[in-house]
């Protein structure tokens, strides 16, 4: 699967973070959809069928752990890997919907290189066609 056919859903209520992440993914050749909260993401995922979801843990209307569980109850989203993003804090633990080996937890602040490594790991061989040509930026 070529990187131009890989669709990524970015879910973050911070417009700046959403823009930085999505622009880096677009530059790498991915198709990107963006949502500002979990429920908008659920609607978009139902229409767009993403190959990967990059989601902030703390969303305004729900949290990512609950949203992931809700999405995984839909057959076409059940096996979609999720990269959860969260501020590093003492005692930060993945929620029950976290699937080790498929999902990842990316703690903020992170660099674009960290994001790209997480995307490559989540997508495996499907992401190998995408080229990264940006300088590291902290999110």
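In this note's numbering, the protein residues as written are 155 to 293.
Built from N, CA and C at the ideal position, the CB exists for glycine as well.
1. Please work out which residues of its chain come closer than 6 angstroms, Cβ to Cβ, to residue 166, disregarding the five sequence neighbours upstream and downstream, and give them in chain order.
2. So, for residue 193: in the same chain, excluding its five sequence neighbours on each side, which residues have a beta-carbon less than 6 angstroms away from its beta-carbon?
3. With residue 163 and residue 198 assumed to form a contact (beta carbons below 8 angstroms), what rounded beta-carbon distance in angstroms separates them?
4. Would you call the region 229-238 and the region 252-261 in contact, with 3 or more CB pairs under 8 angstroms?
5. Can you give me the start and stop residues for the beta strand (DSSP E) that residue 231 sits inside?
6. Roughly how many whole angstroms lie between the Cα atoms of residue 248 and residue 208?
7. By a C-beta neighbour count over all protein chains shown, 10 Å radius and 16 as the cutoff for buried, is residue 228 buried or exposed?
8. Return the chain-ordered list of same chain residues with a C-beta closer than 6 angstroms to the C-beta of residue 232, the five sequence neighbours on each side being excluded.
9. Figure out for me which residue from 188, 195, 276 has the closest Cα to the Cα of residue 254.
10. With a threshold of 16 other CB atoms inside 10 Å of the CB of residue 250, please say whether the residue is buried or exposed.
11. Measure the C-alpha to C-alpha separation of residue 241 and residue 269 and round it to an integer number of angstroms.
12. Note down, in chain order, each residue of its chain lying with its Cβ closer than 6 angstroms to the Cβ of residue 294, except the 5 sequence neighbours on either side.
13. Please state whether DSSP places residue 236 in a helix, a strand or coil.
On the basis of the supplied data:
1. Stepping through the chain shown from its first residue, residue 166 is reached at position 12. Within the same chain, residue 166 has close Cβ partners 172, 210.
2. Within the chain shown, the letter at position 39 stands for residue 193. Within the same chain, residue 193 has close Cβ partners 215.
3. Reading the chain shown from its first residue, position 9 is the one you call residue 163. Reading the chain shown from its first residue, position 44 is the one you call residue 198. Rounded, the Cβ-Cβ distance is 6 angstroms, consistent with contact.
4. yes
5. Working through the chain shown from its first residue, we reach residue 231 at position 77. Taken as a continuous stretch (DSSP letters only), residue 231 belongs to no beta strand (DSSP E), as it is neither H nor E.
6. Locating residue 248 in the chain shown gives position 94, where the first residue counts as 1. Locating residue 208 in the chain shown gives position 54, where the first residue counts as 1. Each residue's Cα considered, the two are about 14 angstroms apart.
7. What you label residue 228 is simply residue 74 of the chain shown in a count that begins at 1. Flag for residue 228 reads exposed.
8. Locating residue 232 in the chain shown gives position 78, counting from the first residue. Excluding positions up to five away in sequence, the list reads 226.
9. Residue mapping note: residue 254 aligns to position 100 of the chain shown, counting from 1. For the residues 188, 195, 276, the minimum Cα distance to residue 254 belongs to 276.
10. As a first step, residue 250 is located in the chain shown; it is residue number 96 there, counting from the start. Burial call: exposed.
11. As a position in the chain shown, residue 241 is number 87, starting the count at 1. As a position in the chain shown, residue 269 is number 115, starting the count at 1. Computed Cα separation, rounded: 14 angstroms.
12. Because the chain is modelled from 155 through 293, residue 294 falls outside the range shown and cannot be assessed.
13. As a working note, residue 236 is residue 82 in the chain shown. Of the three classes helix, strand and coil, the one that applies to residue 236 here is strand, per DSSP.
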